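Report on the structure given below.
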Amino acid sequence: MKRILTLLLTMMMLAILSTSYAVAEETPDITVTLDGNKIDFPDAKPYLYKDRTLVPIRFISEAMGADVSWNSGEQEVTIVKGKDTIITHILSSRATLNGVLYTFDVPAMIKADRTFVPLRFVAEMLNCDVDWDENTYTVTITSPLEPVAFPEPELTVHFPENPYEGKLFWITMDNVRDYSDCDNYQFKIDFITPSEFNIYDEDMGAILGWETHNRNQWRNAKKNGDEIFSVSAEYYTTRENKTTFELKDGMPMEFTLSVKRLCSGEVKEYHYTETFKYPYPAKD
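This is the structure in C-alpha cells:
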C-alpha cells in the first residue's frame, strides 16, 4: 500500500511540476504584420524558441505573392518569388537563395504540420525589413520597394554658334533631373567614329608640359549641370592624331552612352549617331 501511495504522490508532483513548467513557458500571442496588414495564422501560430521568434513561412510567403511547395520525401521547402528561388530543409539551419548558401542560428522546424523559420530567414531570404517589439510581441515586416524604372536618356549634341565658345561640340542630358532616384548616376561616352575624340593632349604649362587624357571616363553629370561630355576646340585630340585626322563638316559621328546607377550597380548602354557641324575651324 505504501508503495502505491508513494507512486501516486510522485505522479502528482510530476504533474504539478509539468504544469508549472508549461505556465512558465507560455507566452502571449505573437502578432505579425506585413506592410501594415495583420497576417492571419488559422492553424499554426508564431512562437518563441531559444529566444528566437519562429514564424510559419507559408502564410508569410504567400502574403507576399510567393509560391510555396513541400517535398515530404526530402523534407524540403521551396519558395519561388519572381526570379528568386529559396530552398531549405527541416531541421537544417541552412538555406539557399538562387544557389547561394546562408546559415541561421535556428533550424527550420515543423509544428502543427507547418514549417517554421526564424525571423532572420524572412529578412535575408525574402529581402524584407523585419522588426521585433518585445513589449507587444509584434513582428513588423516591410516588403522591399518596387525597383524604380531606369530613366531613358534624352541627349542633345550642341555645336558652337560663334568662334569664341572654345568648344568643338558638347553633349547635354536634357532630362538629367530624372536621374535622381538614388544617390548618384554616372555617365560615360565612347566615340566609335571618330575614335580620335576619346583621347586628347593638353598643355599643362611650362612645369608639367603636355599630358594625355581619356575622355571616355565615368563622370557625374551633377558637377557640370546637364553637360556630360565636351570636346575643346583646341584640345580635341592628341598632337599625333592631328597630323592625320581631318575634321570635316558633315562627317558622321557615332558614339555609345553608358549610364551607371550607383545605388544598384546597373549599367545600360545607348547608341547614337550625329552629323558633325564644322562652321568654325578648330585650333591646330
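Going by mature numbering (1 follows the signal peptide of the UniProt record, and there is no 0), the letters in the sequence shown line up with residues -24 to -1, 1 to 260, in that order.
Think of the CB as a built atom: it goes at the ideal place given N, C-alpha and C, for glycine as much as any other residue.
As the structure is a prediction and not an experimental result, all values here were calculated from the model.
Residue 246 is positioned such that its CB atom lies closer than 9 Å to that of residue 129. Linking residue 25 to residue 194 through their CA atoms gives a straight-line distance of about 51 Å.
When beta bridges are read from the DSSP output, residue 191 appears opposite no residue. Taking a contact as a CB-CB distance under 8 Å, the pair residue 20 and residue 88 counts as one, their CB atoms being some 4 Å apart. Under DSSP, the beta-bridge partners assigned to residue 30 are 23 and 94.
In terms of CA proximity to residue 253, 144 leads the group 177, 144 and 174. In this structure residue 151 does not touch residue 238 by the C-beta definition: roughly 18 Å separates them, more than the 8 Å allowed. A direct Cα-Cα distance of roughly 31 Å separates residue 63 from residue 112. Scanning its chain for C-beta atoms nearer than 7 Å, with the 5 sequence neighbours on each side dropped, one finds around residue 169 the residues 228, 229 and 230, in chain order. Between residue 204 and residue 117, the gap from beta carbon to beta carbon reaches 9 Å or more. Beyond the five residues adjoining it in sequence on each side, residue 119 comes within less than 7 Å, by CB distance, of 10, 11, 40 and 104 in the same chain, given in chain order. Contiguous alpha helix (DSSP H) elements confined to the segment 86 to 146 occur at 95 to 101, taking only those with 4 or more residues. DSSP places residue 150 in the coil class of the three-state scheme, outside both helix and strand. Leaving aside the five residues that flank residue 165 on each side, the residues in its chain whose CB is nearer than 6 Å to its CB run, in chain order, 205, 231 and 233. For residue 222, the secondary structure class from DSSP, reduced to helix, strand or coil, is coil. Cβ-Cβ distances below 7 Å link residue 162 to 194, 195, 196, 236 and 238 in the same chain, with the five nearest sequence neighbours on each side left out; the list follows chain order. Secondary structure at residue 160: coil, using DSSP grouped into helix, strand and coil. For the 9 Å CB-CB criterion, residue 44 and residue 31 do not form a contact.
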